[in-house]
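Trainee: Numbering (UniProt numbering), first residue to last: 1 to 1250. Cβ atoms here follow ideal geometry from the backbone N, Cα and C, with glycine treated the same way. Below you will find the structure I want to go over with you.
Here it is, written out as structure tokens:
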């Protein structure tokens, strides 16, 4: 911003304005670097400058002095300050330096410089390369890299300037110096102050520390001193003017002295300048020339600063103490410099009658609080400027008044960082650099000026009508004020002031084309308002900062108008793009269309915009397959890619943790599948016809045109548009305002990626005819898309579509099936049936290298994956036994081929065994997994062909019920009889240790549900029943002799229920111990029957057909009654009941004997004795006879007591009084609970009484 603000420093009148211009073929960057190297030597000692013959400006007169160069690359409008040059000549540009980077002629270049910059007094050339002999003065050669060489050149330029300044000053000697208002008339804007500001010229804001209090007292004393001086001077001036030269002569002399002082400041002769300014103040104060008096008084303050900077002690002139009373410090500070104070004795005042003279002094500089004094002098300067305002021509111009305020403000800021006028503070004042922003500035102890005090003083600038000033002056004031606020840490004030500047520039009628370099100004104000160029990683942050959004938009609109007025096309383009890309939602339709039509369109045509401004135009990418070879799901066409492992190194050890899973696919052992269903949707084949869909957005209120579309990234290598897109420059795709639309283009695949995936996350668009730009997909958050992190860890996540392209594949079809209607089969239950299936490879180029057949039934599909949870062990065994049968035996595939060539047909047979199929079976799927291997045999591309068979099972032999009864003594007494009785007799004869009660009879009720009669045979172990002929829809009972399970051979309570699927552990069955024992006994008794019981049948009319019956699907677990009969160890005691004769007559005495034996020591009832009870039943009516009845009498009691731990024998004597068929049983009960029967294996005794 300093390029636009030229007078921000308090000592700016001592700086030599130097213009640096490029000659030759410079690049902007190189030229700026060259100027920055010159700027490193902007301070030159007079001691290093060659002396020359000039009494006023020779360096020898004050070798400690300095020349301060102010290098600028932007010219100054001389017309703005033309009327001020007689008043403040330091505003003029004195030196021009031409930087030449070619070998052009030096003489011609000099002529061009003098012609173009004729008002400049010193012209110089610096060549960056050797040009041979140099015949011109002020032509130098330097590569700008050697520091010593550059410093020497700057010293020579300084000498040339001092020589030219001598001639230039001579033109002022014979000129009557007039005030700017007299020369320029109404063109010079008079400073206009409000009444409020006029009343408070000397008033400071209330202070909170000692420094501020002293300053307030000092300013109050100024007013009293000023009033006294006015009265004294008025009286003496009246008498002096009558005997002296005329008033006009005094004014001319005072002004001449003031101008000489300005030139001496530029020439670095600060002691001479102090003397000259002092003389000028004395003269001008006498004649009350307030405007020139204030300027001369300001020169004294500048001399104080510069002499202090050079560490040269000086004395304060008496006139300063008279006009601004000086505060003497208690103890003078020690100085490192010699006590050679500046003396003004050689200069004699022409008016000795005046009370104060130039050679009168009051104090040394070391004894004065110099910052407060300088501030008092500056306030006095403003006071004199204010007194000049009522005059019609001798008034202070507003630009002078405003610059004075700004200078004082920068001085206060520089001094606010310290409590003394240190060398660091002096350096910042002289070089015009403000202190860095710090919240503690001005708040240190005994600070020279407080931050609040500075802020209060800065408000005085706003009392001026700045909007009427020229653009350059406004830039000077506003930018310097902004820098002050920045140093104070007032960022919002800084932003506010810069915005005022922009608004003023817009309202200013002056042409701003010559101020085209607004880069630093725009950069600063955008930074202050937190406006950043649109980047994806800042997207969320910029949207979230809603509190500044409208203010930022307004600032950008003002910047755009200023850039337009200045003709800065670069910033017009930049700001208009920022408005559309970041603040479109705050712009209405008219504003957006105006920005696009007025700024964006021309910038596109002129090539200043090379890419579209919305990086999120692409909101989605997807691929869609157009068609399949045949109807069905994608899995019917898209293969599953698998990796073929090396089976030689494969560990084939059995893993017990694997469990049976009916949903697990039966894969070949040498294949490991790595794909899932989700990836299937994005997998395509070579030659597939597909569409790629781009979802694009237009968030703006005008149409957006897409001129061309181009694939980019890795997808462009494998895919291409099937046809030339219909989008072109002549026929662009237009997106309506504020809409989201889809662009659908046909796509084909030309190259396979094999096992690799490619990512499609971007596309190249050409919008409005601009060059192609890649745009990444930015999906909506609600969309469930795959995300990939970009490489810069941006906050936004870009979307991507991942696809895989596989080579051409074979395709298998079932010739004797339809894709729409399942194959229907009707099969007799319990039989085996074969069904032929014709498979055909439709591909004419690809062979099927891998074939795998499997079947899945409806029962397996209907079950949940965790079916085994919360199921009892016996129920789970039955369930998994059924699943095992379905998996291994229900459906067999015969003669499976291992390979199918192109266009080859093969027949396979399905053998369906329904003997063990559950009753709820009604369908199954034939699944053919097939595929081809890659050329390197490392990958397998497997597909699946699925055919559904609906099966109707026709019922044949059904088991309606089963039962178990014990064998009693009466049954075995008969000779011959049925087959089962013969089997028992045969077994008893073969094994003498067996008894009839070691057998039981298993009763099976079978029903023939066939249409025809069947011949049925049942087998149990080594027993075979006779062939039974059962008519259609008739039932028959089959008796099967079964040998009981002995506790001595098998302790069923200790035999856990087996598991078919390994790896499952039932930590807790949830059953009590006795329930667990009952479950095990019931399970093993049932399995004992099912494993040994077989049944086959043959229809009468089809002797070649043989069927079988699986009893497992008709009954499950036996109840406790059946278990107690089949398992001898299930009861605690064995009771053998007998009698001498089973046939008796009425009146016979019958003796019933019973032998009670404990079956197992662990099942003995732990008590002293058991009750033995005799019960009598009427066998015909199955009624229990009461203890007191008239049919059977008993001698004594029907109860007895025995020891439960040993074998006991008891007998009962009965007398039968009535005929009948009776059954006598012996039962046991406990002493504590006589009604509870103790389980026991007993055999009833049958009595036939006639």
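Give the range of the beta strand (DSSP E) segment to which residue 1221 is assigned.
Mentor: Its beta strand (DSSP E) spans residues 1220 to 1230.
Trainee: Measure from the alpha carbon of residue 1249 to the alpha carbon of each residue in 813, 1180 and 1229, then state which is nearest.
Mentor: The shortest C-alpha separation from residue 1249 is found at 1180.
Trainee: Is the segment 846 to 861 in contact with the segment 893 to 903, if contact means three or more CB pairs nearer than 8 Å?
Mentor: Enough Cβ pairs lie closer than 8 Å, so yes.
Trainee: Using 8 Å for Cβ pairs, my map puts residue 251 next to residue 302. What's the rounded Cβ distance?
Mentor: About 22 Å; that fails the 8 Å criterion.
Trainee: Roughly how far, in whole angstroms, is the beta-carbon of residue 1045 from the beta-carbon of residue 1128, given that I think they are within contact range, below 8 Å?
Mentor: Indeed they touch by this definition, with Cβ atoms about 7 Å apart.
Trainee: To the nearest angstrom, report how far apart residue 343 and residue 415 are at their CA atoms.
Mentor: Because residue 343 sits at a pLDDT of 41, beneath the cut-off of 50, its placement in the model cannot be relied upon, and the following sentence gives the value as read from the coordinates. Spanning the two alpha carbons is a distance of roughly 27 Å.
Trainee: Rounded to the nearest angstrom, what separates residue 1240 and residue 1098 at their Cα positions?
Mentor: Rounded to whole angstroms, residue 1240 to residue 1098 spans 42 Å at the Cα level.
Trainee: To the nearest angstrom, report how far apart residue 1003 and residue 1023 are at their CA atoms.
Mentor: So the alpha carbons of these two residues sit roughly 14 Å apart.
Trainee: Going by DSSP, which residues form a beta bridge with residue 760?
Mentor: In DSSP, residue 760 forms a bridge with 801.
Trainee: In its own chain, which residues sit with a C-beta less than 6 Å from the C-beta of residue 603, not counting the 5 before and 5 after it?
Mentor: Answer for residue 603: 573 and 609, listed in chain order.
Trainee: Rounded to the nearest angstrom, what separates residue 1019 and residue 930 at their Cα positions?
Mentor: Each residue's Cα considered, the two are about 44 Å apart.
Trainee: Compare the Cα-Cα distances from residue 1201 to each of 1210, 1194 and 401 and report the closest residue.
Mentor: Nearest option by C-alpha distance: 1210.
Trainee: Identify the residues that DSSP records as bridge partners of residue 620: which are they?
Mentor: BP columns for residue 620 point to 695.
Trainee: Does DSSP put residue 264 in a helix, a strand or coil?
Mentor: In the structure shown, residue 264 sits in a helix (DSSP, three-state: H, G or I).
Trainee: Take residue 1159 as the anchor and find which of 1206, 1185, 866 and 1187 has the nearest alpha-carbon.
Mentor: Minimum Cα distance to residue 1159 is reached at 1206.
Trainee: Could you tell me the alpha carbon to alpha carbon distance between residue 168 and residue 121, rounded to whole angstroms?
Mentor: Going by the C-alpha atoms only, they are around 7 Å apart.
Trainee: So, for residue 187: in the same chain, excluding its five sequence neighbours on each side, which residues have a beta-carbon less than 6 Å away from its beta-carbon?
Mentor: Once the five neighbours on either side are set aside, residue 187 has no close Cβ partner at all.
Trainee: Would residue 612 and residue 770 qualify as a contact pair, given that the criterion is a beta-carbon distance under 8 Å?
Mentor: Against a cut-off of 8 Å, the Cβ pair of residue 770 and residue 612 comes out as a contact.
Trainee: In whole angstroms, give me the CA-to-CA distance for residue 447 and residue 458.
Mentor: If you take the alpha carbons of residue 447 and residue 458, they lie about 18 Å apart.
Trainee: Does at least one heavy atom of the ligand FMN sit under 7 Å from the Cβ of residue 1230?
Mentor: Annotation note on the ligand FMN: not contained in the displayed structure, which lists no ligands.
Trainee: Under a three-way DSSP split, which group does residue 942 fall into?
Mentor: Strand, per DSSP.
Trainee: By how many angstroms is the C-alpha of residue 47 removed from the C-alpha of residue 148?
Mentor: Cα-Cα distance, rounded: 15 Å.
Trainee: Which value, in whole angstroms, describes the spacing of the CA atoms of residue 744 and residue 841?
Mentor: Spanning the two alpha carbons is a distance of roughly 34 Å.
Trainee: Let's test the definition: count the other Cβ atoms within 10 Å of the Cβ of residue 272 and tell me whether it reaches 16, buried, or not, exposed.
Mentor: The residue in question, residue 272, is buried, as its Cβ has 16 or more Cβ neighbours within 10 Å.
Trainee: Exposed or buried, residue 1231, counting other C-beta atoms within 10 Å across all chains shown (16 or more means buried)?
Mentor: The residue is exposed, with fewer than 16 neighbouring Cβ atoms inside 10 Å.
Trainee: Roughly how many angstroms separate the alpha carbons of residue 1060 and residue 881, rounded to a whole number?
Mentor: Looking at the two C-alpha atoms, the distance is approximately 7 Å.
Trainee: Is it the case that the segment 1108 to 1125 contacts the segment 946 to 961, given that we only count it when at least three CB pairs across the two stretches are under 8 Å?
Mentor: Touching, yes.
Trainee: Could you tell me whether the segment 733 to 751 touches the segment 689 to 699, where touching means 3 or more Cβ pairs closer than 8 Å?
Mentor: Because the criterion of three Cβ pairs below 8 Å is met, the segment 733 to 751 and the segment 689 to 699 touch.
Trainee: Take the Cβ of residue 896 as the centre, count every other Cβ of all protein chains shown within 10 Å, and call the residue buried at 16 or more, exposed below.
Mentor: When all chains shown are included, residue 896 counts as exposed.
Trainee: By how many angstroms is the C-alpha of residue 553 removed from the C-alpha of residue 56?
Mentor: One C-alpha to the other measures close to 57 Å.
Trainee: Can you give me the C-alpha to C-alpha distance between residue 1233 and residue 1120, rounded to a whole angstrom?
Mentor: If you take the alpha carbons of residue 1233 and residue 1120, they lie about 21 Å apart.
Trainee: Can you tell me which residues form a DSSP beta bridge with residue 928?
Mentor: BP columns for residue 928 point to 853 and 945.
Trainee: Do the segment 16 to 31 and the segment 98 to 108 make contact, defined as three or more Cβ pairs closer than 8 Å?
Mentor: Enough Cβ pairs lie closer than 8 Å, so yes.
Trainee: Would you call the segment 381 to 391 and the segment 289 to 298 in contact, with 3 or more CB pairs under 8 Å?
Mentor: The answer is yes - the segment 289 to 298 touches the segment 381 to 391, with three or more Cβ pairs under 8 Å.
Trainee: Could you spell out where the alpha helix (DSSP H) holding residue 272 opens and where it closes?
Mentor: From DSSP, the alpha helix (DSSP H) with residue 272 extends over 270 to 287.
Trainee: Would you kindly work out how many angstroms separate the C-alpha atoms of residue 1178 and residue 1030, rounded to a whole number?
Mentor: So the two alpha carbons sit approximately 35 Å from each other.
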